[in-house]
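Numbering-wise, this note's numbering puts 330 at position 336 of the sequence shown, and it's gapless, one number per residue. Heads up, the thing below is written out as structure tokens.
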Amino acid sequence: MKTEKYLEHIVTGHPRLIILLFLTVTALFAFFLPQLQQDTNPFLLQPTHESRIFWEKTKDTYTGLKGNTYVLLEATDTVFKAETLERIHRLTEAFLEIQLIEEEDFELLKKMAAKINGEAKSRLEELLVLGLGSDNWQELESVKELIEQSGQMTPDINDVFTQIFVRLTPVIDVMSLSNTDNIIGVDGGLDIEPIYENVPENADEIEMIKKQVSTNDLFKEVLTIKNGKYSSIIIETAINDDDTKTKYLMYLKLLDILQNKVPGNEKFYIAGIPVFSATLSHTMKTDTTRLFPIVFLFVIFGLWLSFRMLKGIIVPLFVVLLSLILTISLKAVFNIPLNIISTSIPVFILSIGVADGIHIYSEFRDYITEGLNKVDAVRRTMRELTSPVIMTSLTTAVAFMALSVTEIMQIKHFGIFVAIGTLIAMVFSLVFIPALLIVLPQSVIKEKKNITWLDRFIHKGLVKVSRFTISNPKPILFVSLMIGIIAFYGLSLIKVENNPIDYFKKDSELVISTNKIDSTASGSSVLNILVEALETDDEPLKKPENLQAIEDLSQYLEQQQLVGKVLGLSQLIRRINLTLHDEDPLFNRIPHTIEKIDTTPSETRLNSQRSDKGEETIYGRQMISQYLLLYENSGGDVLSDAVDSRYRHANVQAMIRSNSSSEIARLTEDIKKYIAVNFPKNLNVTFTGTAHLSAVANREIVNGQINSLVLSLLMTLFLLVLMFRSILTGMFAVIPLLATALINFGVMGFMGVPLDIGTAIISSIVIGVGVDYSIHYLNRLQNNIKKGLPFQNAIAHTVKHSGKAIVLNAFTVGTGFVALLFSVVTPLVTIGWMVILTMIISSFSTIVLLPALFSIFQNATIHKWNKNNLVKYQFDPETT
């Protein structure tokens, strides 16, 4: 039994049972919706990507690499005045004492107490009565140990402890003028102490602080900026990359402290990866809540304008709503969170899923107006559309599933679940819609009255377009070729870019703050350059020649416009060397392999009056070892930021004044060229850090776009050839898709729209949605030819039914995507207007290019459908 017959038998035989079954299944899945999470992780790469894995290992090796939040203070004149220095001190203390414990944390602990027993249970209940704070976190730690010792620890309980500990002490460290250690030389030794512990009370103390800061290269462009007009506070947090809720709580807490708890006259700007994640999380929630009603209303408007009947609105819309609930519920079931791109899935499911409903209802209404009863109209509709609906859904699903070959996890998840949603909508369209049409009351008179001026206008317009196309196929194809050549040039202008700050509109607080920090301070992104010594010697990075190579690299980096500051082991050694030689500028360097130290008084040295008699020979490596030992014994604690304990691996941190992935990628390539020419072979260099991950993502976007486009085209072509049993027909069906994709990319190039995580999905939309039009058009044309209609009359009949449905479909889907223009997330805005453009071009290309192609190649295509219809007839007015 054919698929059409089987479905027809089920639907017409048990319509009410089918409706009840589908509603029940959807309701059961809807219970999982509250479990749906959000992923605002700024890293586009999957956690399993080698670059992500290496970055996590790097964070375990060095300190100071957790998510840093940057607070930039802007004074009216200078930060070196008592009130500003006092505010910096108070802010530093307030940031260090931040706690993020909420009522929900107590509820989690109460639930956990109900799952355990013994001493751990009683200790935890006592703690809940006393309350949680930074002063009793150790008691909570002892409760955790008791649970582990009693064998009651489970993954869920461990996750609760992890969350609570992070929220109790979310701040690892704060670096500011008031608490950062300054390295000072005292009596031939080092004195390491904060720049100021107590707020200065007079002008002399302030001037001393200013001098200490301004003469220390480690502080320039970080703690003091633009001659003291700005100062940064850097906050390192323990919050996990995926814990966006805690990040947002942290952001709100910082705002509260800056605005209310420790206010001041200085302007402040907050930026950094944690702030980006927090802002994006909040924006996504707001956007999702706001966009869904908008797209819902736009789709309703499109359906009303198309059918002018309540049933014409309810039937397609009801189906896609149920499909959407199932699709989003599946994300919750498989614990796959919504991300910045997949938040648009509701818009896609509503807009794309309604397509089959439009075709089915339009066909059903045509049969009703011809006088059939609703059961017979459903039967005829299913026989006519089951095959094309299955094929359009499969090809659409394949096109979106092809996105899963990318390493960009946001795009991967988007493609997979739009494909799943498309298939779910297919099942609902083929079974639920026909059952609904049978159950709902039907009036032939009302349907005939609602054959509106729009239907007549579309029909007449399509007939005129088809007549002109068939009469002038070669000029049509020539003009199309010229447009394609122009579009191809536009395609060559496309730039690959992913700048997470560009996700937000230019007037958002995050964009303003990030741009201010990038243009004024040292930057809000970090490129970590890891240097590994390949020698077998102990502590090879204490060798002067190795440190000098790292220092030369640092100096090269500082000359790059994109680099705001470089910090690492060589900068620390230079500072110690300079300090121990009374700030003599000649010693602001790495000690030489063999060092001759002038032992004459410092006044003589400063006047460059040297003599061989006053010099002592010492090995540079020995001197470096002594410096580092002296630094650690004096209380220095930042070595673990720059080097491992074996002095075999060093971390050079380049602070970047941009979040542009393309700029960072170019900088990385320039650094690689420098290293290839100037770096010793015994030192190996590897790149990592948030900036590097952005550059790697740039490459993956391009690779993913090429792979998904090629794969989706090949799979779509295979399915088309299989459906029409003709390679040539399948290739013709793909041509409107290629034309649409080419024009879309051309427009992107001419308008300067970059290829990013938003626009990277456009090609799949072109293929996934555009192929529907080709399939419906060709399937109807093929059936008309098989029924014996001459070619021109078959075209006229095709555009009357499928052509009209294509136009209504493109209009309704395009109208649905207008909702994305109201998004506050710029990639979604871009997707919105580009999908609208895609609908226009794709529908127009199908209705114009396909008749032109078949008009020229009739003998190679139409002949195979019906050998008796090779004569070119004129339009028959009665048929049209």
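We put the CB at the ideal spot given by N, CA and C, even for glycine. It should be emphasised that the depicted structure is a prediction, and the values quoted were computed from it without experimental measurement.
Span of the alpha helix (DSSP H) holding residue i?
| i | result |
| --- | --- |
| Ser516 | From DSSP, Ser516 is part of no alpha helix (DSSP H); its letter is neither H nor E. |
| Tyr771 | Ile756 to Lys780 |
Determine the burial state of residue i: buried for a count of at least 16 other Cβ atoms within 10 Å of its Cβ, exposed for fewer.
| i | result |
| --- | --- |
| Asn254 | exposed |
| Glu260 | buried |
| Ala670 | exposed |
| Glu2 | buried |
| Tyr875 | Nothing in the structure corresponds to residue 875, since the chain is present only between -5 and 874. |
| His643 | buried |
| Met745 | exposed |
| Leu11 | exposed |
| Val289 | buried |
| Phe472 | exposed |
| Glu657 | buried |
| Lys305 | buried |
| Tyr263 | buried |
| Lys(-1) | exposed |
Determine the DSSP secondary structure at residue i, reduced to helix, strand or coil.
| i | result |
| --- | --- |
| Gly478 | helix |
| Asp198 | helix |
| Gln146 | coil |
| Ile528 | Checking the sequence shown, residue 528 turns out to be Leu, not Ile. Looking at Leu528 - three-state DSSP - the assignment turns out to be coil, as it is neither helix nor strand. |
| Leu332 | strand |
| Asp167 | strand |
| Pro188 | strand |
| Ser596 | With a pLDDT of only 46 at Ser596, under 50, the local geometry of the prediction cannot be trusted, and no value is derived from it. |
| Glu533 | coil |
| Ser602 | For Ser602, the pLDDT reaches just 37, beneath the cut-off of 50, and the residue's location in the model is therefore unreliable, leaving the point undetermined. |
| Leu749 | strand |
| Thr231 | strand |
| Thr881 | Examination of residue 881 is not possible in this model, given that the chain is present from -5 through 874 alone. |
| Ile464 | helix |
| Tyr355 | helix |
Rounded to whole angstroms, what is the Cα-Cα separation between residue i and residue j?
| i | j | result |
| --- | --- | --- |
| Gln206 | Ile189 | 8 Å |
| Ser116 | Phe270 | 41 Å |
| Val807 | Ile834 | 10 Å |
| Arg604 | Leu252 | Because the pLDDT of Arg604 is 41, which lies under 50, any placement of that residue in the model is unreliable, and the number read from its coordinates should be weighed accordingly. Near 54 Å, if we compare the C-alpha coordinates of Leu252 and Arg604. |
| Ser86 | Leu118 | Residue identity differs from the one stated: residue 86 is Thr in this sequence, not Ser. Near 32 Å, if we compare the C-alpha coordinates of Leu118 and Thr86. |
| Asn152 | Leu140 | 13 Å |
| Val383 | Ala265 | 49 Å |
| His791 | Asn778 | 8 Å |
| Thr240 | Arg774 | 55 Å |
| Glu215 | Arg615 | 30 Å |
| Leu843 | His353 | 21 Å |
| His575 | Gln554 | 30 Å |
| His8 | Ala371 | 16 Å |
| Asn676 | Asn540 | 9 Å |
| Val5 | Pro428 | 7 Å |
| Ala396 | Phe739 | 18 Å |
| Ser317 | Ser486 | 39 Å |
| Glu597 | Ile177 | Confidence at Glu597 is low in this model, with a pLDDT of 42, below 50, so its placement is unreliable and the value that follows should be read with caution. Rounded to the nearest angstrom, the two C-alpha atoms are 22 Å apart. |
| Thr238 | Asn333 | 11 Å |
Under DSSP, the beta strand (DSSP E) around residue i begins and ends at which residues?
| i | result |
| --- | --- |
| Ser317 | Run containing Ser317: none in the beta strand (DSSP E); it sits in the alpha helix (DSSP H), Leu304 to Val327. |
| Glu364 | Careful: Glu364 lies outside any beta strand (DSSP E) and carries neither H nor E. |
| Tyr621 | No beta strand (DSSP E) holds Tyr621; the alpha helix (DSSP H) holding it covers Gly614 to Asn627. |
| Phe23 | Taken as a continuous stretch (DSSP letters only), Phe23 belongs to no beta strand (DSSP E), being part of the alpha helix (DSSP H) at Pro9 to Ala24. |
| Lys559 | Val557 to Leu561 |
| Asn678 | Leu677 to Thr682 |
| Phe262 | Lys261 to Ala265 |
| Asn62 | Asn62 to Glu68 |
At least one CB of chain D closer than 8 Å to the CB of residue i: is that the case?
| i | result |
| --- | --- |
| Ile665 | Absent here is chain D; the protein component of the structure consists of one chain. |
query = How about the stretch 705 to 716 and the stretch 66 to 80: do they share at least three Cβ pairs that are nearer than 8 Å?
reply = Because the criterion of three Cβ pairs below 8 Å is not met, the stretch 705 to 716 and the stretch 66 to 80 do not touch.
request  = Decide if the stretch 751 to 767 is in contact with the stretch 722 to 742; the criterion is three or more beta carbon pairs, one per stretch, under 8 Å apart.
outcome  = As far as the Cβ criterion goes, the stretch 751 to 767 touches the stretch 722 to 742, which means the pair count is three or higher.
message = Does the stretch 387 to 395 come into contact with the stretch 364 to 377, if we say contact requires no fewer than three beta-carbon pairs (one atom in each stretch) closer than 8 Å?
response = No, they do not touch.
message = Does the stretch 753 to 761 come into contact with the stretch 810 to 827, if we say contact requires no fewer than three beta-carbon pairs (one atom in each stretch) closer than 8 Å?
response = Result yes; three or more Cβ-Cβ pairs closer than 8 Å.
message = Counting beta carbon pairs with one atom in the stretch 408 to 416 and one in the stretch 462 to 479, are three or more of them shorter than 8 Å?
response = They do not touch, by the three-pair rule.
query = Between the stretch 495 to 502 and the stretch 628 to 641, do at least 3 Cβ pairs fall closer than 8 Å?
reply = When Cβ pairs closer than 8 Å are counted between the two stretches, the stretch 495 to 502 is seen not to touch the stretch 628 to 641, the count staying below three.
ask   = So does the stretch 153 to 163 actually touch the stretch 41 to 57, counting three or more Cβ pairs closer than 8 Å?
value = At 8 Å Cβ cutoff, the stretches do not touch.
message = Would you call the stretch 620 to 631 in contact with the stretch 186 to 201, where contact means no fewer than 3 C-beta pairs closer than 8 Å?
response = Counting Cβ pairs under 8 Å, three or more are found: they touch.
query = Are the stretch 529 to 539 and the stretch 301 to 316 in contact at 8 Å, needing three or more beta carbon pairs?
reply = The stretch 529 to 539, when compared against the stretch 301 to 316, does not touch it at the 8 Å Cβ threshold.
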